[in-house]
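First comes the structure, then the notes that go with it.
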Amino acid sequence: MSNTHEHHAIDYIELSVTDMAAAKAFYGEAFGWQFNDYGPAYAGIQGSTREMGGLTLRHEVRAGGPLVVLFSQDLDASVSAVESAGGTIVEPPFAFPGGRRFHFRDPAGNELGVWAEK
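Using this note's numbering, read the sequence shown as starting at 608 and increasing by one per residue.
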């Protein structure tokens with residue numbers, strides 16, 4: 608079993624939900640998903656070798672659909688690369704259990720996240 612992440616590859620998808628219990632029941636029954644709970648507002652979606660996504664509790668479903676999250680071996684370098692390429696940082700790097708991450712908008716307006724283990 609591999610637990611590696613590929614630099615700047617799509618690594619994680621976050622789905623906004625308005626009812627955590629109902630969402631977990633639905634995805635558990637429909638697809639057999641299992642979850643790692645990180646409190647009442649977040650549940651990681653467990654893949655066969657590692658977490659592959661998460662459910663995040665919101666008052667309303669996130670506009671634009673699920674959040675695509677890329678992995679980075681160097682978060683600060685990725686921030687610089689996004690800005691140099693014309694992207695806009697909409698949420699600067701912040702810490703969370705397991706690492707750090709930031710959100711950006713590409714020139715077309717799509718919001719994505721980038722995370723790193725450190």
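Heads up, the beta-carbon is just placed ideally off N, CA and C, and yes, glycines get one too.
Beta-carbon proximity check, residue i vs residue j, cutoff 7 Å
i, j, result
"Leu662", "Leu622", "yes"
"Val721", "Phe703", "no"
"Arg707", "Leu674", "no"
Residue from the options with nearest C-alpha to residue i
i, options, result
"Gly716", "Ala670, Ala688 and Pro700", "Ala670"
"Thr656", "Trp640, Tyr645 and Glu667", "Trp640"
"Glu667", "Ala616, Met627, Glu718 and Tyr645", "Met627"
"Gly672", "Leu719, Tyr649 and Pro647", "Leu719"
Residue i - partner residues in DSSP beta bridges
i, result
"Gly726", "Residue 726 cannot be examined here, being either before or after the span of the chain that is shown, 608 to 725."
"Glu636", "The partner list for Glu636 (beta bridge, DSSP) is empty, contrary to what the question assumes."
"Tyr649", "Thr663"
"Leu682", "Bridge partners of Leu682: none, in fact."
"Ala702", "Arg707"
Residue i burial status per 10 Å Cβ neighbour count (16 or more: buried)
i, result
"Met608", "Because Met608 carries a pLDDT of 39, less than 50, the predicted location of this residue cannot be relied on, and the following value inherits that uncertainty. Result: exposed."
"Ile652", "buried"
"Val624", "buried"
"Asp618", "buried"
"Phe711", "buried"
"Gly660", "buried"
"Val697", "exposed"
"Ala630", "buried"
"Ala616", "exposed"
"Ala637", "exposed"
Spatial neighbours of residue i in its chain, beta-carbon cut-off 7 Å, leaving aside the 5 residues before and after
i, result
"His614", "Phe678, Ser679 and Gln680"
Sequence-distant residues of its chain with Cβ nearer than 6 Å to residue i (five each side left out)
i, result
"Ser685", "Ser679 and Val721"
"Pro714", "Gly693"
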